[in-house]
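Q: Protein chains in written order, with the numbering used here: chain L, 1310 to 1592; chain W, 7 to 118; chain S, 3 to 359; chain Z, 36 to 170.
Note that the Cβ used here is the ideal one computed from N, Cα and C, for glycine as well.
All values reported here derive from a predicted model rather than from experimental measurement.
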Amino acid sequence: MDTLTLILYVAFAPLLGGLLAGVDRRITARMQGRFGPPILQPFYDVVKLFNKENLVVRRSQTVYIIFFLAFMVFTGGIFYAGEDLLLVIFSLMLANTFLVLAAYKGSSPYSAIGAERELLQIMAYEPMVLFYVVGIYMASKTFYIETIATTQHPMLIRFLPGIFLGFLYVLTIKLRKSPFDLSTSHHGHQEIVKGITTEFTGPSLGLIEITHWYENVLLLGMVSLFFAPNLWLGAGVALAIYLLEIFIDNACARARWQFTVFSSWVVAAVLGFGNILALTLFG
Amino acid sequence: MPFFTISKTILRSLFGRPATLMYPAVPREYVEGSRGHIEIAVESCSFCSLCQRKCPTEALSVDRETKIWKIDRLRCIACNFCAEACPKKCLSMATGYSPAVTSPGETEEHHA
Amino acid sequence: MRTIIPFGPQHPVLPEPIHLDLVVEDETVVDVIPSIGFIHRGLEKLVEKKDFQEFVYVAERICGICSFIHGMTYCHGVEQLMKIEVPPRAHYLRTVWSELSRIHSHLLWLGLIADAFGFESLFMHSWRLREKVLDIIEATTGGRVIFGSCKIGGVRRDIENGTLREIAAKLRDYAVEYKDLGNVFLNDLTVKRRLCGVGVLSGPDALGLGSVGPMLRASGVAQDMRLLKYAAYGGIDFAPVTAEEGDSYARCAVRIGEIFQSVEIIRQCSEKIPGGAIEIKVTGLPEGEFYARTEQPRGEVIYYIKANGTKNLERLRVRTPTFANIPPMLKIMTGCQLADVPVLVLTIDPCISCTER
Amino acid sequence: MIESQDFRETTPERLIGEVQGMRDAGYRLVQIGATRTEGFEINYSFDRNLEFVNFKIRLADNTEAIPSISGVYWSAFLYENELHDLFGLNIKNIHIDYQGHFYRVARPAAFAEKPPPPKIKRAVKPTAGTEVKET
């Protein structure tokens, strides 16, 4: 177990995630022909949110959000500590469930529809995430991230090109980027306003923001795992992938839920399952 | 290609200059003839109050006795009707918006 | 599960004060209950207090986007009543400004529809292009959306022939960018998935429900009030832009087609414009009744003017295009997906402020 | 070019029949509008390929019952609710009746009130100006 990376993750992931969000907003603005906010704007926003009154429909909403944050830190923690990859996936799922529950607690029609859409999104990306775990296991013969990351073996992506592409596809859903920003988008311009986060203000919205920063760093870590044992290359590729996601976000209209679910399943079946089949037959 | 058809436009914007201005740090340049606000050369005003009668929003008031020309900037719609009607040609339309006022109904006075 | 989703008057995708109660079953809209009237200003009644010449300013302020054509229709109606022969140059200038306002209105609409289907950068770029048209408008009239350049008996500002040709050339350059933008709307797969087959309205239905403008033309009915040859349209060579499908994609295609049509009309005007005066002095008072009909970016607008020989008109009735397009909108929204609601509301190009006057 | 204006008169009793005739002939309902004169006038406008037809009903006052044409043209319900809210006209059997809540107005039927007396006396004849101003 690598305690150092664990501490580094817990302490610096929000910083890195916030910076990424700031760079994201800046690049998005430039792509749209605007100047955009300062790079540190996400931090200013969150600080401002914490100075506001916590106005919620039900107090339990905030409790769920705290659980959302706690489980996300826990998930990222075990990932960066080099523990079991299966556990990472299941606790990530649990963390997201808390967000859905919090949205249902808001009892507003917007957040209720948002929560339903979030469940559909989970349904859309979960098969591919499971294929990701299976693929990594088949290529490295272990679930332990530390072993995967440190053992000298050929780079995992050489065995998993299909899973890599499929994972990129669902990463767009996870990062809440167009065309798959159904349940909530970065801009409140949607038929369901802000979707699952509509009913949150002040500190609880700030907590959601911080949780997303943790989540994004975790997701980028999962991308870089494809390049194990060369993790520096992996980190570089993960950042490039993030830039690609910003580009995709700016070049697509929002899809409907039907397209999101079915296309993700087709991608999971063809790229994910196909890759695993190939590994079983020829690996 | 039916995907990413906007890529040329967004990549050009990404590496080019933004289309917006850093207003108000960079002031906006107005084109000549832009209707911003009415200005008065009050020295040549004869206080005939024709502008007051022509004004469609009743933003102007002229006092012949005290020689005061008043304008309520919030009512003024910058239509240039008064400047066209003015017999002495002392009213003119200038570019740029008039500065903010602190309370509605506040008038700007010009004494001869 | 049935949920009632309140949509408007304060809603981020719908910057218009209309309220819709959407009865939603899962994600399917089973019923729509509209309610308007949040901003009824009674401008029609104001005609009893304002001088008929001053009322041009009020007419222009009925709407913030199709402002010029409102003012022009009012002037056109009063001029017809008073049998005033407007100088031909003024007619051409009015045509140029009408088409400029059509271009900027359609670019605004393109941005809004892009926002409705969640394409933020397309929205920003549509509005970036619109800004250039607004610059032309500001340089020629002094205002950005409220032109204030039309008056009974003519126009208040002239555009020199050289400047007019420059504008036509500038617009031809911009047309290249409009083409790029139009390509995204009409060919991008993610956009087509949101527009094709959404809210289909057949030609007979469109006529029966009284829809007007691009909404009607997208259902294959070639009706365009500019064919009535008001202003200088009699001397211009153009044909209404139509599409057959009657869905949101067709309505988008019609509006994009109209942008290029307007660029072409302005080019023709810059070549054909005659010299001479731009206004004549108006004497006398109007009497009688007249229906003035013109084509706004949103469709046919009607000004019913009834005068009794006094300084104040007896009655001014304005039927704006959005008012006529609300019933077809309700028709196409029943049974649609929740995600399509903003798209469908926007395909009629709603302008509730002018609807309620 | 001046558009031809085809004004025809009708009565509340004959209205539905006339409107049905227009519908059968393929006309589009353009608008319904009212005017307060000494009594009231209601105008029903129709259009077919730019051919404009207008029907006019004259009423003594706004309590007189008028049949709704929303059974013939569904889209008429908006106009008829508007007439009721602004002029207080008594329109019967509107397809979707808002019961006076179509517009949120400060005063009901404000458009039915008489305007302030005109300041300028009625001109003997309408005159037209043709004097050209050079610019």
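By the DSSP assignment, the beta strand (DSSP E) with Y306/S in it spans what residues?
A: Note, Y306/S: beta strand (DSSP E), 301-310.
Q: What are the residues in the stretch 96-124 of chain S lying within 7 Å of chain L by C-beta distance?
A: Those would be D117, F119, G120, F121, E122, S123, in chain order.
Q: Any contact between the stretch 138-155 of chain S and the stretch 58-66 of chain S? By contact I mean 3 or more CB pairs, one from each, below 8 Å.
A: Yes: at least three Cβ pairs fall under 8 Å.
Q: What does V193/S reach in chain L if we use C-beta pairs closer than 7 Å?
A: Those within 7 Å of V193/S in chain L are A1562.
Q: Pull out every residue of the stretch 14-47 of chain W whose Cβ sits closer than 7 Å to any Cβ of chain L, in chain order.
A: So the list reads I16, S19, L20, P24, A25, T26, M28, given in the order they occur along the chain.
Q: Contact criterion: CB-CB distance below 8 Å. Does I1422/L meet it with respect to chain S?
A: Yes, because at least one Cβ of chain S sits closer than 8 Å to the Cβ of I1422/L.
Q: Starting from the N-terminal side, write out each stretch of the beta strand (DSSP E) that is 3 residues or longer and does not extend beyond the stretch 110-136 of chain Z.
A: Counting only runs of 3 or more, we get 125-127.
Q: Any idea what DSSP makes of Q339/S, helix, strand or coil?
A: It is a strand residue.
Q: Got a sec: is the Cβ-Cβ distance from R1485/L to anything in chain W below 8 Å?
A: R1485/L does not count as touching chain W.
Q: So, helix, strand or coil for R359/S, using DSSP?
A: Coil.
Q: Any Cβ of chain L within less than 8 Å of the Cβ of K330/S?
A: At residue 330/S the sequence reads Pro, which differs from the Lys that was named. Chain L contact via Cβ: absent.
Q: Taking the straight line between their C-alpha atoms, what separation do you get for V347/S and F1473/L?
A: Spanning the two alpha carbons is a distance of roughly 40 Å.
Q: Any C-beta of chain Z within less than 8 Å: which residues of the stretch 317-345 of chain S qualify?
A: Residues passing the 8 Å Cβ filter: R317, R319, R321, F325, A326, I328, P329, P330.
Q: Can you say whether Y1353/L is buried or exposed, counting buried as having 16 or more other CB atoms within 10 angstroms of its CB?
A: Label assigned to Y1353/L: exposed.
Q: To the nearest angstrom, how far is it from the Cα of A1578/L to the Cα of P344/S?
A: Roughly 33 Å between the two C-alpha positions.
Q: Mind checking whether N43/Z and N89/Z have CB atoms under 8 Å apart?
A: Inspection of the sequence shows that residue 43/Z is occupied by Arg rather than by Asn. Yes, the pair counts as a contact, with Cβ atoms nearer than the cut-off.
Q: Rounded to whole angstroms, what's the CA-CA distance from Q1430/L to P1436/L? Just pull it up for me.
A: Distance between the alpha carbons of Q1430/L and P1436/L: 11 Å.
Q: F87/W versus chain L: which residues are under 9 Å apart at the beta carbon?
A: By Cβ distance, chain L contributes nothing, its closest Cβ being about 37 Å from F87/W, past 9 Å.
Q: By the criterion of Cβ-Cβ separation under 9 Å, what are the contact partners of E182/S in chain W?
A: A small fix is needed here, since residue 182/S is Asp in this sequence, not Glu. Per Cβ cutoff of 9 Å: T11, I12, K14, T15.
Q: Quick one: is R130/S near chain W, going by C-beta distance under 8 Å?
A: So yes, R130/S belongs to the interface.
Q: How many Å lie between V265/S and A1320/L at the Cα?
A: Spanning the two alpha carbons is a distance of roughly 58 Å.
Q: Would you be able to state if there are at least three C-beta pairs under 8 Å between the stretch 64-71 of chain S and the stretch 293-307 of chain S?
A: The stretch 293-307 of chain S, when compared against the stretch 64-71 of chain S, does touch it at the 8 Å Cβ threshold.
Q: Please report how far the alpha carbon of G1475/L lies from the alpha carbon of R1426/L, in whole angstroms.
A: Their backbone Cα atoms lie some 21 Å apart in a straight line.
Q: Could you spell out where the beta strand (DSSP E) holding I7/S opens and where it closes?
A: Taken as a continuous stretch (DSSP letters only), the beta strand (DSSP E) holding I7/S covers 4-9.
Q: Where does the unbroken beta strand (DSSP E) through V25/S begin, and where does it stop?
A: Counting along the chain, the beta strand (DSSP E) containing V25/S begins and ends at 21-27.
Q: Determine which residues of the stretch 57-70 of chain Z have a Cβ less than 7 Å from any Cβ of chain S, and write them out in chain order.
A: Correct list: R63, L64, V65, Q66, G68, T70.
Q: As a quick exercise: from T192/S, P242/S, A170/S, D28/S, pick the residue whose alpha carbon is nearest that of C338/S.
A: Out of T192/S, P242/S, A170/S, D28/S, D28/S has the C-alpha closest to the C-alpha of C338/S.
Q: Closest to I140/Z by C-alpha separation, out of L94/Z, H119/Z, M57/Z, would be which residue?
A: In the sequence on display, residue 140/Z carries Val and not Ile. Closest by alpha carbon: H119/Z.
Q: Sorted by chain position, which residues of the same chain lie with C-beta nearer than 7 Å to S221/S's C-beta, five sequence neighbours on each side aside?
A: So the list reads L203, S204, G205, A208, G248, once near-sequence residues are dropped.
Q: Give me the DSSP bridge partner(s) of S37/S.
A: S37/S is bridged to H21/S.
Q: Does F40/S get closer than 8 Å to chain Z when you measure Cβ to Cβ?
A: Cβ-Cβ to chain Z under 8 Å: yes for F40/S.
Q: Got a sec, what are the start and stop residues for the beta strand (DSSP E) T26/W sits in?
A: That residue, T26/W, is in no beta strand (DSSP E); it is neither H nor E in DSSP.
Q: Might you give, ordered along the chain, the residues of its own chain that have their beta carbon closer than 7 Å to the beta carbon of G1515/L, omitting 5 neighbours on each side?
A: These residues qualify, in order along the chain: V1355, L1358, F1359.
Q: Closer than 9 Å, Cβ to any Cβ of chain L: which residues of the stretch 78-96 of chain S, in chain order?
A: Of all residues in the stretch 78-96 of chain S, none has a Cβ within less than 9 Å of some Cβ in chain L.
Q: Give every residue of the same chain whose Cβ lies closer than 7 Å to the Cβ of F112/Z, excluding the five residues on either side of it in the sequence, and list them in chain order.
A: The residues are S105, I129, H130, I131.
Q: At a cut of 8 Å, does the stretch 88-98 of chain S reach the stretch 273-289 of chain S through at least three beta carbon pairs?
A: Contact between the stretch 88-98 of chain S and the stretch 273-289 of chain S is present, because at least three Cβ pairs lie under 8 Å.
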